[in-house]
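Novice:
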Amino acid sequence: MKITILSLFPTIITPFFENSIMKKVIDKGIISYEVISIRDFSDDKHKRCDDIPYGGGAGMVLKAQPISAALDYVNAKSKTTIFVSPSGLKYTQKLAYDLSKKNELVIICGRYEGIDQRIVDLYVDFEISVGDYVLSSGEVAALVIIDSVYRLLDGVINPCSLREESFSCECGLLEYPHYTRPYEFKGIEVPDILLSGHHEQIRKWRFMRSVEKTKKNRYDLYLKYLDMKGENDGFDKKN
Numbered sequence: 001m002k003i004t005i006l007s008l009f010p011t012i013i014t015p016f017f018e019n020s021i022m023k024k025v026i027d028k029g030i031i032s033y034e035v036i037s038i039r040d041f042s043d044d045k046h047k048r049c050d051d052i053p054y055g056g057g058a059g060m061v062l063k064a065q066p067i068s069a070a071l072d073y074v075n076a077k078s079k080t081t082i083f084v085s086p087s088g089l090k091y092t093q094k095l096a097y098d099l100s101k102k103n104e105l106v107i108i109c110g111r112y113e114g115i116d117q118r119i120v121d122l123y124v125d126f127e128i129s130v131g132d133y134v135l136s137s138g139e140v141a142a143l144v145i146i147d148s149v150y151r152l153l154d155g156v157i158n159p160c161s162l163r164e165e166s167f168s169c170e171c172g173l174l175e176y177p178h179y180t181r182p183y184e185f186k187g188i189e190v191p192d193i194l195l196s197g198h199h200e201q202i203r204k205w206r207f208m209r210s211v212e213k214t215k216k217n218r219y220d221l222y223l224k225y226l227d228m229k230g231e232n233d234g235f236d237k238k239n
């Protein structure tokens, strides 16, 4: 997979690809990347990339011209193009899986109040929000997407580990709690079932802990789990 990132501030992006884990993935040829400076494509003599919004309002908007020129340079229309935005589609593990099946991704990092809507209309396949909050930098959101996608590629992580992660099992539950040595830490002991050697009992215990954690931390996912099981009819969901 190749990932191309368009940014006003490329130095925020490049260190991520230089860390030891990502470097190994790149050296194996699993992923390649290119970071493009939007400013390099501005036709303004001062390389300005933003302007005031039509209709008034606070803040500045990234102009269409430099982004369009950068997208044309990387031939974005032949690839899957993403714009990270708080007003986009909510990002999920399923969407990460879908994106991991693409050969090439182009990610546009917004700034200030966002980008000219005509870029979205002309180029963007997915407008994605990484959560119900606002960041000062589209680069941070882009790195969330990149990190969640590349780890799903073949040869990066053991498939067994991926299957047991939060959001990844067929039930959509959160992952069960983990323990390692020592057996006792500050008065809390490892649950005895995990030392029993009974793999089926351990599997059942972990599943029940996943259900409990999901109910406590993500009640919306817990309700979806009940719906999937078909046990919600007449069920008091507050209990």
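Oh and the sequence shown: position 225 is 225 in full-length UniProt numbering, straight run, nothing missing.
Even for Gly, the Cβ is constructed at its ideal location relative to N, Cα and C.
1. By the DSSP assignment, the alpha helix (DSSP H) with V149 in it spans what residues?
2. Would K63 pass as a contact of D72 if the rule is Cβ separation under 8 Å?
3. Is the segment 2 to 9 close to the segment 17 to 37, with three or more CB pairs under 8 Å?
4. Could you tell me whether the segment 50 to 61 touches the segment 85 to 105, where touching means 3 or more Cβ pairs closer than 8 Å?
5. On the criterion of 16 or more Cβ atoms from any shown chain inside 10 Å, does T11 qualify as buried, or is it exposed?
6. Closest to V124 by C-alpha separation, out of E175, K77, K23 and E189, would be which residue?
7. Does the separation of the CB atoms of P138 and G155 fall below 8 Å?
8. Just how far apart, CA to CA, sit I119 and I67?
9. Terminal residues of the continuous alpha helix (DSSP H) containing T14?
10. If you follow the beta strand (DSSP E) that L89 is in, where does it begin and where does it stop?
11. Under the DSSP definition of a beta bridge, which residues are partnered with F126?
12. Cutting at 8 Å between CB atoms, please list the residues of its own chain near P177, excluding the five before and the five after it.
Specialist: Checking against the coordinates, here is how it stands:
1. G138 to Y150
2. no
3. Proximity of the segment 2 to 9 to the segment 17 to 37 meets the contact definition, three or more beta-carbon pairs being nearer than 8 Å.
4. Contact fails: fewer than three Cβ-Cβ distances are below 8 Å.
5. exposed
6. Answer by Cα proximity: K77.
7. Looking at the sequence shown, residue 138 is not Pro but Gly. Taking a C-beta distance under 8 Å as the contact criterion, G138 and G155 do not qualify as a contact pair.
8. Distance between I119 and I67, taken at the CA atoms: about 7 Å.
9. T14 to F17
10. Segment T80 to K90, the beta strand (DSSP E) holding L89.
11. I82
12. Contacts found: R209 and K213.
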